[in-house]
Amino acid sequence: MQAAITYIAALGRLIRVSSFLTYLENRLAQALRSLLVVALSASAFGTELVGIRYSDSPLYTRVVFDLSAPPTFTSDLLSNPARFFVDIRDAKLSQNFKTPFIESIQFRGVRFGDRNGSLRVVLDLTDGKVPKIQTLGPNGPHGDRLVIDFPHEVVESCVAEHDNNIVVVVDAGHGGEDPGAIAVNRAMEKHITLSISQKVQARINRQPGFRVVMTRDRDYEVPLHNRYRVAQNTKARLFVSIHADAFHNPRPRGASAYVLSQGKAQSELAKWLVQNENRADWVGGVSAWVDSSCYAEREKLKFLNVKGRQEALAEAVSVGKKMLHSIDSVAEIHPKSFDSRRGEYQVTDAGFVVLSATAIPSILVETGFLSNPQEARLLSTDAHQSTIANAISDTILRHFCENPPRYTDLAEGKVACDLEPTTVVYKVRRGDSLSVIASRQQVSVAAIRAANALTSDRIYPGQTLTIPVTN
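Heads up: the sequence shown runs through residues 366 to 836, numbered per the working numbering.
Below, the structure is given as structure tokens:
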């Protein structure tokens with residue numbers, strides 16, 4: 366009897382275990398079915414179209430598809446009416462997708478549809494020029510992208526018109542799909558450099574006898590070599606490239622100036638910056654197809670204002686030192702930008718591609734480091750951008766007002782320089798002394814005392830001093 370009871374108890378436990386295993390099996394099968402549904406859904410729509418952006422540059426209209434993954438696609442140009450379609454396989458619109466508002470030269474509208482399981486995107490165009498289409502991987506704030514460039518009908522003359530103005534080319538670094546450095550506060554270098562460049566342009570253009578040509582005036586990409594070719598094509602007297610870079614740690618700070626290297630950049634910092642700036646040409650993948658045949662022809666021509674290599678380099682160094690002097694009055698400069706033993710500003714040599722216009726004095730200005738939290742905040746503000754822009758533009762104006770180039774209205778007395786202000790405001794920093802400030806600002810201690818009604822040489826951090834500008 367006892368054996369029967371033991372057998373029945375064991376059988377009950379076995380049934381319960383079996384039931385539990387069956388329960389587990391059912392739950393596992395359900396989970397696997399759910400995972401299969403998700404997997405099938407993901408494979409059915411492996412790519413999402415997150416957004417569409419566009420920009421009009423002088424040479425092309427660029428349309429960018431922001432995607433969640435690298436696309437597999439086919440495309441073609443159609444006529445009557447002009448339109449370009451892209452079929453993205455296994456794709457769908459993102460849940461947060463918003464159709465862009467369009468006011469473009471060539472891109473008139475966008476439509477969407479299903480084409481045999483693919484997402485069809487149709488771009489309505491004003492004309493039917495064959496575009497350049499390419500894919501780009503993640504870079505900076507952007508993920509995977511499909512980039513379509515529609516060329517414009519541009520008739521460019523290789524003969525430059527005579528211009529009695531002093532032409533200055535201002536180059537806003539980076540742009541378009543190349544954001545440049547990303548600040549710790551997520552500000553992008555391309556936006557900061559464009560804002561500063563536009564302020565420099567406005568300030569210089571107010572002075573009669575001067576004209577600024579921008580390498581870009583909106584958020585689009587310009588190949589590095591084409592940037593300095595703008596200076597050659599416009600018979601520019603000076604090329605200034607404006608940047609705001611970043612380093613691999615937050616400590617470096619301050620502005621610096623670079624000219625074309627006669628050898629190799631020596632410091633670790635300069636080498637890193639050279640590598641970083643020169644990446645811009647392949648980040649966006651534009652330079653391989655932009656037509657520069659006219660530029661090549663123009664390079665064979667010789668103009669009255671073209672200088673020898675050494676003369677152009679000497680002038681660039683001179684302007685660079687003056688520019689650091691002006692910036693130092695209103696903002697910090699990099700410690701390596703001033704030689705305290707010799708009491709003079711230092712312009713670094715570097716092999717930036719953008720400075721290759723050796724016949725034209727060319728300078729690259731680093732306005733600060735976006736990797737430094739304090740400078741990132743400052744460079745993101747309109748007030749500080751204006752301060753830096755004024756220092757740059759006033760330096761350029763004073764340089765040419767003191768050294769008017771031949772065959773210009775300024776040299777011939779048809780226009781006159783009227784430069785203001787004649788003073789700058791300097792905020793005293795920790796470790797400053799009146800003699801150090803006087804040395805850096807290239808004025809006498811007596812002149813600073815007189816301008817500020819000082820009865821002694823005692824100053825304190827945070828104090829503002831009026832510095833007389835010397836010509």
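Idealized CB from N, CA, C, for every residue including glycine.
Please classify residue i: does DSSP put it in a helix, a strand, or coil?
{"i": "Q499", "result": "strand"}
{"i": "I824", "result": "coil"}
{"i": "D455", "result": "coil"}
{"i": "H556", "result": "helix"}
{"i": "V587", "result": "coil"}
{"i": "L819", "result": "coil"}
{"i": "A754", "result": "helix"}
{"i": "Y593", "result": "helix"}
{"i": "V780", "result": "coil"}
{"i": "K564", "result": "helix"}
{"i": "D759", "result": "helix"}
{"i": "V834", "result": "coil"}
{"i": "E413", "result": "strand"}
{"i": "L432", "result": "strand"}
{"i": "I470", "result": "coil"}
{"i": "S326", "result": "A question about residue 326 goes unanswered here, because the residues of the chain that appear run from 366 up to 836."}
{"i": "R795", "result": "coil"}
{"i": "V651", "result": "With a pLDDT of only 33 at V651, under the threshold of 50, the placement of this residue in the model should not be trusted; the figure read from the coordinates follows. Coil, per DSSP."}
{"i": "R581", "result": "coil"}
{"i": "V512", "result": "strand"}
{"i": "F462", "result": "coil"}
{"i": "A661", "result": "Interpretation of A661 is limited by its pLDDT of 44, a score under 50 that renders its predicted location unreliable; no figure is taken from the coordinates."}
{"i": "R771", "result": "coil"}
{"i": "A601", "result": "coil"}
Around the C-beta of residue i, are 16 or more other C-beta atoms found within 10 angstroms, so that it is buried, or is it exposed?
{"i": "S694", "result": "buried"}
{"i": "T746", "result": "exposed"}
{"i": "E777", "result": "exposed"}
{"i": "Y825", "result": "exposed"}
{"i": "S444", "result": "exposed"}
{"i": "K792", "result": "exposed"}
{"i": "A653", "result": "Confidence at A653 is low in this model, with a pLDDT of 30, below 50, so the placement of that residue is unreliable and no value is reported for it."}
{"i": "D610", "result": "buried"}
{"i": "K686", "result": "buried"}
{"i": "Q597", "result": "buried"}
{"i": "F466", "result": "exposed"}
{"i": "E676", "result": "exposed"}
{"i": "E468", "result": "exposed"}
{"i": "Q566", "result": "buried"}
{"i": "H749", "result": "buried"}
{"i": "L401", "result": "Here the model assigns L401 a pLDDT of 44, short of 50, so the residue's position is not dependable and the matter cannot be decided."}
{"i": "K564", "result": "buried"}
{"i": "R823", "result": "exposed"}
{"i": "A815", "result": "exposed"}
{"i": "L784", "result": "exposed"}
{"i": "H613", "result": "exposed"}
{"i": "P726", "result": "buried"}
{"i": "D479", "result": "exposed"}
{"i": "A741", "result": "buried"}
{"i": "T820", "result": "exposed"}
{"i": "G474", "result": "exposed"}
{"i": "P700", "result": "exposed"}
Is the beta carbon of residue j closer than 8 Å to that of residue i?
{"i": "F450", "j": "D441", "result": "yes"}
{"i": "G574", "j": "T760", "result": "no"}
{"i": "G768", "j": "P617", "result": "With the sequence shown as reference, residue 768 is identified as Asn, and Gly is not the correct amino acid for it. No, Cβ-Cβ distance for N768 and P617 is not below 8 Å."}
{"i": "H319", "j": "Y425", "result": "Summary: the structure shown does not reach residue 319, with the chain confined to residues 366 through 836, and so no result is reported for it."}
{"i": "I832", "j": "V801", "result": "no"}
{"i": "V719", "j": "Y593", "result": "yes"}
{"i": "L743", "j": "A552", "result": "no"}
{"i": "K484", "j": "K463", "result": "The identity of residue 484 in the sequence shown is Leu, whereas the question assumes Lys. The answer is no: Cβ separation not under 8 Å."}
{"i": "L501", "j": "Q471", "result": "no"}
{"i": "M688", "j": "A622", "result": "yes"}
{"i": "Y585", "j": "G538", "result": "no"}
{"i": "V535", "j": "V605", "result": "yes"}
{"i": "V810", "j": "L799", "result": "yes"}
{"i": "E554", "j": "H507", "result": "no"}
{"i": "M603", "j": "V684", "result": "The sequence given here has Leu at residue 603, not Met. Cβ atoms of L603 and V684: closer than 8 Å."}
{"i": "G493", "j": "A546", "result": "no"}
{"i": "A781", "j": "A696", "result": "no"}
{"i": "D514", "j": "P435", "result": "no"}
{"i": "Q806", "j": "H690", "result": "yes"}
{"i": "F765", "j": "I531", "result": "yes"}
Assuming residue i and residue j form a contact by the criterion Cβ under 8 Å, report the distance between their Cβ atoms to the nearest whole angstrom.
{"i": "I561", "j": "I753", "result": "6 Å"}
{"i": "E542", "j": "V512", "result": "7 Å"}
{"i": "A803", "j": "I728", "result": "So it is not a contact: roughly 26 Å between Cβ atoms."}
{"i": "A533", "j": "V577", "result": "Note on residue identity: the sequence assigns Val, not Ala, to residue 533. Confirmed, Cβ separation roughly 5 Å."}
{"i": "A756", "j": "I692", "result": "5 Å"}
Whole beta strand (DSSP E) runs in the stretch 671 to 752 with 3 or more residues, listed along the chain? With a minimum length of 3 residues, the continuous beta strand (DSSP E) runs that stay inside the stretch 671 to 752 are 713 to 715 and 727 to 734.
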